[in-house]
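Inspection log for the structure reproduced underneath, given as structure tokens.
Protein chains: 4
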Amino acid sequence: MQLINVAILGATGYTGAELIRLLDAHPYFHVSHLGAHSQAGRTLGEVLPGIQEPLARQRLQAADAPLADDIELVFTALPHTAAANAVASALAAGKKVVDLSADFRHQQAATYAEAYGVAHAHPELLAQAVYGLSEWQAAHIAATSLVANPGCYPTSVLLPLIPLLRAAVVDTTQRIIIDAKSGASGAGRTPKTGLLYGEINEGLSAYGLPRHRHAWEMEEWATALGKTAVEVRFVPHILPMTRGMLSTIHLRGHDAGQWRGLLQQAYADAPFVRVLDEGVLPSTKGVAGSNRCDIGLAYGASGRDGLDEVTVISCIDNLLKGASGQAVQNANLMFGFDATTGLPLHAQWP
Amino acid sequence: MQLINVAILGATGYTGAELIRLLDAHPYFHVSHLGAHSQAGRTLGEVLPGIQEPLARQRLQAADAPLADDIELVFTALPHTAAANAVASALAAGKKVVDLSADFRHQQAATYAEAYGVAHAHPELLAQAVYGLSEWQAAHIAATSLVANPGCYPTSVLLPLIPLLRAAVVDTTQRIIIDAKSGASGAGRTPKTGLLYGEINEGLSAYGLPRHRHAWEMEEWATALGKTAVEVRFVPHILPMTRGMLSTIHLRGHDAGQWRGLLQQAYADAPFVRVLDEGVLPSTKGVAGSNRCDIGLAYGASGRDGLDEVTVISCIDNLLKGASGQAVQNANLMFGFDATTGLPLHAQWP
Amino acid sequence: MQLINVAILGATGYTGAELIRLLDAHPYFHVSHLGAHSQAGRTLGEVLPGIQEPLARQRLQAADAPLADDIELVFTALPHTAAANAVASALAAGKKVVDLSADFRHQQAATYAEAYGVAHAHPELLAQAVYGLSEWQAAHIAATSLVANPGCYPTSVLLPLIPLLRAAVVDTTQRIIIDAKSGASGAGRTPKTGLLYGEINEGLSAYGLPRHRHAWEMEEWATALGKTAVEVRFVPHILPMTRGMLSTIHLRGHDAGQWRGLLQQAYADAPFVRVLDEGVLPSTKGVAGSNRCDIGLAYGASGRDGLDEVTVISCIDNLLKGASGQAVQNANLMFGFDATTGLPLHAQWP
Amino acid sequence: MQLINVAILGATGYTGAELIRLLDAHPYFHVSHLGAHSQAGRTLGEVLPGIQEPLARQRLQAADAPLADDIELVFTALPHTAAANAVASALAAGKKVVDLSADFRHQQAATYAEAYGVAHAHPELLAQAVYGLSEWQAAHIAATSLVANPGCYPTSVLLPLIPLLRAAVVDTTQRIIIDAKSGASGAGRTPKTGLLYGEINEGLSAYGLPRHRHAWEMEEWATALGKTAVEVRFVPHILPMTRGMLSTIHLRGHDAGQWRGLLQQAYADAPFVRVLDEGVLPSTKGVAGSNRCDIGLAYGASGRDGLDEVTVISCIDNLLKGASGQAVQNANLMFGFDATTGLPLHAQWP
């Protein structure tokens, strides 16, 4: 089979690096163009020492360098706004696009403006963008040229939440409390004092309060895909860990005894979602290095008003299922390949 | 001034080690007896390489070795049940005791039996035990011979919660959701596969569900000291960090704008509790190595029923304010010293 | 193509876990038997939470359970001595074997006895064992039924050393000084106090002095494959890192300006060995998650006796090129596959 | 006793932070002035969240703000060159100075220029500077107004080396090989990509080759204080650890059986240097949080030329004995206090 040429724009950040690693091992895609905002002219190996020859000798292009005609697919791993412009160019040139930024995750430009504090650069493209939560949007993804790859936190929250919302077993009269924890790679590769090893190591803190940008994304897609209006109280934390994300969702509802079964049924055919057995709780270590989401449930007592209390916990590798892994999964769907092609099922242990 | 001789029983675990370090630098206490469950006969330096001479040459006694007459104070850092027996002996010999185990934290033997799954070995001593949350029990601590040193999680939760409960601004119709995160030292020094470096590093998981033992302790003392009946949904996590504990308390209530002021007022004279300014959130790194508890508040929107949503976050070093530091603080109170004597106010940074 | 059935004995330690992950993604091998010393009867998922279904449901066999006839290849990841017995059984049953233990790494039973302090259980098999340093033994590996997979430290040392020894540019009148550093996973998965997170994190120390077992292995194979008699001063250290190994080799010799070229030439066709450019030093992060060995050189001044001083530094992932990755590489060679089949070339970054 | 007012210039880097923590707990010194290069105008608490009130409310002064007359002692924790200017001003104003930079560590301006690549800003002050290796320079330190605080690596190397050199048991015909490893805090608090958590965690690499600046310092003072001409081959590494430094010194010499005794005798009265017993090797964890240096020895075989091989390993906390702790120790000596005043003897474990 002829390999499909792909471009990665924003190749030298952490999500770009992970895309390169996955795509170079992919049986059908070929990395033929690497764009980088500020590193143009250097070789890939100079900024990513983990890449082996011959890929390491490939030279980085300017972020706005023209894309060759034989490139069929573009991954944009650029900051928001910059991504929108790159996406517009790529679409205009007839390429398919998976955008890892936030630029096309919202259906309305107004929501985007509220969450990100800037006007959308290309609102005319929003209508054709498909929100790429692979397990729930496979048919739409297969039919579009523009996939908006979900945020890491929303992925970790929507996967456990959607089946429960659809089954109408979750109490949504109050905001749903989501206490999430992320490894430091989620904060990116730009040098800042607060991200130095000396500051992160042995340090744990909440951030992004009172309302993190991903709260809008969670609410929009929990509501749309869960078919129930939902609001969230979302509190993210950063911890001394490179990869990994764990979201603890403190739910109330009814028929708690059926929730595990509901989730298991929803994901029975999903190779990248695993609903754990009774008594087993997920760990980020159980998914690190894999494209999987592990989900565990713990049942508490009933509340005073008779509702059941259920703690639902999900884990992903923020750079895989939370970013570049799901991006490749979506690219697989766009080109008709099996969703698992080129993606790791098992975690790296230890 | 004549130094006060103290014994530490359970000297070679992490809380024992921290007691030794603090007490050897304390101006009024002198470590004259070290008891260790399984290491009797070895020198302290052989099991705690960080201890300098001459203390390192001191030999460990059997846990049940008799205590010399000139010992006035005993710290018991033993497993529960074993602690109760050691406490009974020490009290019988006329010593004052600070017990770091859970054995005397509950007022009723029945609560203890429910939380710990064993019958209490010395229920007759419960009445004289004082729950040693230093900032709220100073007078009682000064007057007793037996202080039950609080658990790490309860300390991190009760300090922010009590003033708010007393002010009756917290909604307690539903269980209070506490999402807590602890460094691995909280799990102790006994070798287990799950505590190996290779398993903990890059790993984050919840544990102790559906109901961790500390939930009983939180409820009992939040109710008693907060003067309001409280129930909790408590979800603890372990993360790759040696020291440090962060509790995220997802509250609802009213008059949220006054909460920070309420807390600042409550702790205006408390050297070890700091209520952070608007816009500042605590980090475990800000308290690691100090006996302090840092508290931050973030205000969300009002809920649909008009109640305010407030995220209260507290951080402690689990081995200091969460264990051995508070134990020394309590010992200071028992002997009439300033509460801060021999205790670090500032964190070690980085 | 018909998949080749393989057995892994010692499936639940760290090298076993890594073998499973690699082999389950391998296009030609199929994991059909999992033996585990002490976990027999449990499912794989119970002891390795990172493994996805259906492999996770596979049940662990006793370490000495009989192997089915259709198994062609056995990986033994057992403690030394136990491994020798399992190897003997597997060979007797006509299987090919890659042994990850130390049992067949020495050509003489006497050397083994000296290094490991026990008599060899099957000295009669030593003659047929091939030392599996893949890059230097490919033809022998392809022709044998028993590969002794090299130790992690020796692999990291022999790869840079052999070409230099063969070129006779290294001064060997004094012992060669090797200062090596390993991540904690190299110490295995058996629970010991010294391997707890609380003891390893923020801790760095040397161990295994005065003479670590791997010193014998390095000397024997540096001499045999480097064609020069060599003795080593080998000082290993353990550091707070899960995976990764870096060996700093403090050499003296002549014609230092040619050394980089000698190494580049020696490994020009070796996909898993990379000799870095002038001015670039390797990092464990550059190889973690890959089967690669990165080698860097730094030239110092000439010594007083006119000899050149060259610091040669090599990095591997101790569980990949240092253990399970090289084991798969050797299995590829034994069955005539390309050496890179099923093995990662790029590191996982970050 | 009247407290002695001190100024800290460069208060917001890691060594400045550690000075503040130590000095605020010191019984005789009072932190009355905090200078910061780029943070002037902010409060200390804004840049160092671990500092408690009231010190946290103290406002940072510009680095060149005038010092009040009542300040007797100045610590300069500024970059080299900037430090020299601040030192000159402070000396001119009649203050005593402990300089933590490299500016006054060399006796000749030419050596400084060679090691640091810039001309010395105040060569006229070199003659009055005393190299502050506390254990060997106590009398000189007590008599000077300007102490050049040693570098971290040189401290860790000189303490074990000097007694052996003085005893003339070390072979110095070849350069002495020093393989050193440092935690990331040694690289400072300035944001750089290579120091991000995501790059340092799980990463180990050598740096500073072919000749790190500290090599000149080691050679100059090993020669001067050891009374033997010495050259070094010095290879430093950085590892995923916040604090801690371990130097492995690969020595050859004679009468190896007496070395431990020589060291024990040399440091019999040194509270901050501990020579470990036979069979015990030091760990960075054994000194982290203390001002101690731990030294271990491992004896190898004799070399082919009959010389003994001895591996000498020393550990310090790079921010304490390697920087701010030794600075306070020196200040104690300058003012006639006991060297241990206000300094931690025991490590923080874990």
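Protein chains in written order, with the working numbering: chain A, 1 to 350; chain B, 1 to 350; chain C, 1 to 350; chain D, 1 to 350.
The C-beta atom is built at its ideal place from N, Cα and C for all residues, glycine as well.
Worksheet item: Quick one: what's D/K415 bridged to in DSSP?
Response: Residue 415 of chain D lies beyond the range of chain D shown here (1 to 350); nothing can be said about it.
Practice prompt. Report yes or no: do the region 265-276 of chain B and the region 289-300 of chain B share at least 3 C-beta pairs separated by less than 8 Å?
Written response: The region 265-276 of chain B, when compared against the region 289-300 of chain B, does touch it at the 8 Å Cβ threshold.
Worksheet item: In chain A, which residues lie with their C-beta within 7 Å of the C-beta of D/K192?
Response: Start at 1 with the first residue of the fourth sequence, and residue 192 of chain D comes out as number 192. Those are P191, listed as they occur along chain A.
Worksheet item: So, helix, strand or coil for D/P160, using DSSP?
Response: Numbered from its first residue, the fourth sequence carries residue 160 of chain D at position 160. Correct three-state label for D/P160: helix.
Worksheet item: Hey, B/E219 and B/E231: beta-carbon distance below 7 Å or not?
Response: As a first step, residue 219 of chain B is located in the second sequence; it is residue number 219 there, counting from the start. As a first step, residue 231 of chain B is located in the second sequence; it is residue number 231 there, counting from the start. Yes, they are a contact pair.
Discussion item. With H, G and I counted as helix, E and B as strand and the rest as coil, what does DSSP make of B/T193?
Written reply: Sequence index remark: in the second sequence, residue 193 of chain B carries index 193 (1-based). B/T193 falls in the helix class under three-state DSSP.
Worksheet entry | Where the alpha helix (DSSP H) through B/D24 begins and ends | Here residue 24 of chain B refers to the residue found at position 24 when the second sequence is read from its first residue. Taken as a continuous stretch (DSSP letters only), the alpha helix (DSSP H) holding B/D24 covers 14-24.
Worksheet item: Do A/L307 and A/D171 have their C-beta atoms within less than 7 Å of each other?
Response: As a position in the first sequence, residue 307 of chain A is number 307, starting the count at 1. As a position in the first sequence, residue 171 of chain A is number 171, starting the count at 1. Yes. Within cutoff.
Discussion item. Counting only beta-carbon separations shorter than 7 Å, does B/I178 have a partner in chain A?
Written reply: Numbered from its first residue, the second sequence carries residue 178 of chain B at position 178. Judged by the 7 Å Cβ criterion, B/I178 is not in contact with chain A.
Worksheet item: Between the C-alpha atoms of C/G41 and B/A68, what's the straight-line distance to the nearest angstrom?
Response: Here the question's residue 41 of chain C lines up with position 41 in the third sequence. Here the question's residue 68 of chain B lines up with position 68 in the second sequence. Going from the Cα of C/G41 to the Cα of B/A68 covers about 53 Å.
Discussion item. Counting only Cβ pairs nearer than 9 Å, list the residues of chain B close to A/P240.
Written reply: By one-based count along the first sequence, residue 240 of chain A stands at place 240. L239, P240, M241, listed in chain order.
Item to complete: Might you give, ordered along the chain, the residues of its own chain that have their beta carbon closer than 6 Å to the beta carbon of D/A229, omitting 5 neighbours on each side?
Response: On the fourth sequence, position 229 is the one that residue 229 of chain D refers to. Answer for D/A229: T223, listed in chain order.
Fill in: Cβ separation of A/Q58 and A/L34, assumed to be a contact under 8 Å, to the nearest whole Å
Translated into positions along the first sequence, residue 58 of chain A becomes position 58. Translated into positions along the first sequence, residue 34 of chain A becomes position 34. Confirmed, about 6 Å.
Discussion item. Taking the beta carbon of A/K227 as the centre, do at least 16 other beta carbons fall within 10 Å, making it buried, or is it exposed?
Written reply: In the first sequence, counting from the first residue as 1, residue 227 of chain A sits at position 227. Exposed, because fewer than 16 other Cβ atoms sit within 10 Å of the Cβ of A/K227.
Discussion item. Can you give me the C-alpha to C-alpha distance between D/V292 and D/I316, rounded to a whole angstrom?
Written reply: Within the fourth sequence, residue 292 of chain D is the residue found at index 292, counting from 1. Within the fourth sequence, residue 316 of chain D is the residue found at index 316, counting from 1. According to the sequence provided, residue 292 of chain D is Arg. The question's Val does not apply to it. Rounded to whole angstroms, D/R292 to D/I316 spans 6 Å at the Cα level.
Item to complete: Sort B/F29, B/E135, B/N330 by Cα distance to B/Q265 and report the nearest one.
Response: Taking the first residue of the second sequence as position 1, residue 265 of chain B is located at position 265. With distances taken between CA atoms, B/Q265 lies nearest to B/E135 out of B/F29, B/E135, B/N330.
Fill in: 7 Å Cβ shell around B/Q137 - same chain, five flanking residues per side excluded
As a first step, residue 137 of chain B must be located in the second sequence, where it is residue number 137. Counting only Cβ-Cβ distances below 7 Å, and skipping sequence neighbours, we find V130, Y131.
Practice prompt. State the CB to CB distance for the pair C/I8 and C/H30, rounded to an integer number of angstroms; the pair is presumed to be in contact (CB under 8 Å).
Written response: On the third sequence, position 8 is the one that residue 8 of chain C refers to. On the third sequence, position 30 is the one that residue 30 of chain C refers to. Not really, about 11 Å apart at Cβ, beyond 8 Å.
Item to complete: For B/E220, decide whether its Cβ has a neighbour in chain A, counting only Cβ atoms nearer than 7 Å.
Response: The residue you call residue 220 of chain B lines up with position 220 of the second sequence. B/E220 does not count as touching chain A.
Worksheet entry | Spatially closest choice to D/V312 from D/P66, D/S283, D/G198, by CA coordinates | Walking along the fourth sequence from the start, residue 312 of chain D turns up at place 312. For D/V312, the nearest C-alpha among the options comes from D/S283.
Worksheet item: Can C/H122 and C/I177 be called in contact, C-beta distance under 7 Å?
Response: Translated into the one-based positions of the third sequence, residue 122 of chain C becomes position 122. Translated into the one-based positions of the third sequence, residue 177 of chain C becomes position 177. The answer is no: Cβ separation not under 7 Å.
Worksheet item: What is the residue span of the alpha helix (DSSP H) that A/N330 lies within?
Response: By one-based count along the first sequence, residue 330 of chain A stands at place 330. Taken as a continuous stretch (DSSP letters only), the alpha helix (DSSP H) holding A/N330 covers 325-334.
Practice prompt. With distances taken Cα to Cα, identify the nearest neighbour of C/D338 among C/R243, C/D269, C/L281.
Written response: Along the third sequence, one-based indexing puts residue 338 of chain C at 338. Comparing Cα-Cα distances from C/D338 to each of C/R243, C/D269, C/L281, the minimum goes to C/D269.
Worksheet item: Excluding five sequence neighbours on each side, which residues of the same chain lie with their C-beta closer than 8 Å to the C-beta of A/A142?
Response: Residue numbering aside, residue 142 of chain A sits at position 142 when the first sequence is read from its first letter. Around A/A142: L333, M334, G336.
Discussion item. Tell me the residue span of the beta strand (DSSP E) that contains D/A7.
Written reply: Within the fourth sequence, the letter at position 7 stands for residue 7 of chain D. Here the beta strand (DSSP E) through D/A7 covers 4-9.
Discussion item. What does the alpha-carbon distance come out to for the pair A/G94 and B/G208?
Written reply: Sequence index remark: in the first sequence, residue 94 of chain A carries index 94 (1-based). Sequence index remark: in the second sequence, residue 208 of chain B carries index 208 (1-based). Rounded to the nearest angstrom, the two C-alpha atoms are 53 Å apart.
Item to complete: Closer than 7 Å by beta-carbon distance: list the chain D residues that pair up with C/P210, in chain order.
Response: Within the third sequence, numbered from 1, the residue matching residue 210 of chain C stands at position 210. Contact note: C/P210 reaches chain D through A298, Y299, G300, using a C-beta cutoff of 7 Å and chain order.
Discussion item. Less than 7 Å between the C-beta atoms of C/A88 and C/V97, yes or no?
Written reply: Taking the third sequence and counting its residues from 1, the one referred to as residue 88 of chain C is at position 88. Taking the third sequence and counting its residues from 1, the one referred to as residue 97 of chain C is at position 97. The answer is no: Cβ separation not under 7 Å.
Fill in: D/Y153 versus A/H80: straight-line alpha-carbon distance, rounded
Start at 1 with the first residue of the fourth sequence, and residue 153 of chain D comes out as number 153. Start at 1 with the first residue of the first sequence, and residue 80 of chain A comes out as number 80. Distance between the alpha carbons of D/Y153 and A/H80 is about 44 Å.
Worksheet item: For D/P154, does the three-state DSSP call read helix, strand or coil?
Response: For the purposes of this step, residue 154 of chain D is taken as residue 154 along the fourth sequence, with counting starting at 1. Note: D/P154 maps to helix in three-state DSSP.
Discussion item. Rounded to whole angstroms, what is the Cα-Cα separation between D/G286 and B/I51?
Written reply: Taking the fourth sequence and counting its residues from 1, one reaches residue 286 of chain D at position 286. Taking the second sequence and counting its residues from 1, one reaches residue 51 of chain B at position 51. If you take the alpha carbons of D/G286 and B/I51, they lie about 8 Å apart.
Discussion item. Determine whether the beta carbon atoms of A/S324 and A/E18 lie at a separation below 7 Å.
Written reply: For this step, residue 324 of chain A is matched to residue 324 along the first sequence. For this step, residue 18 of chain A is matched to residue 18 along the first sequence. Yes, these two residues count as a Cβ contact at 7 Å.
Worksheet item: Can B/A115 and B/W216 be called in contact, C-beta distance under 7 Å?
Response: Numbered from 1 along the second sequence, position 115 holds the residue referred to as residue 115 of chain B. Numbered from 1 along the second sequence, position 216 holds the residue referred to as residue 216 of chain B. Contact flag set, yes.
Discussion item. Once the 5 residues before and after C/D255 are set aside, which same chain residues still bring their CB inside 6 Å of it?
Written reply: Here residue 255 of chain C refers to the residue found at position 255 when the third sequence is read from its first residue. Answer for C/D255: V169, listed in chain order.
Worksheet entry | N- and C-terminal bounds of the alpha helix (DSSP H) containing B/M218 | Indexing the second sequence from 1 puts residue 218 of chain B at position 218. Here the alpha helix (DSSP H) through B/M218 covers 214-226.
Worksheet item: What does D/T311 reach in chain C if we use C-beta pairs closer than 7 Å?
Response: Taking the first residue of the fourth sequence as 1, we reach residue 311 of chain D at position 311. Ordered by position in chain C, the residues that pass the 7 Å Cβ test against D/T311 are L209, V235.
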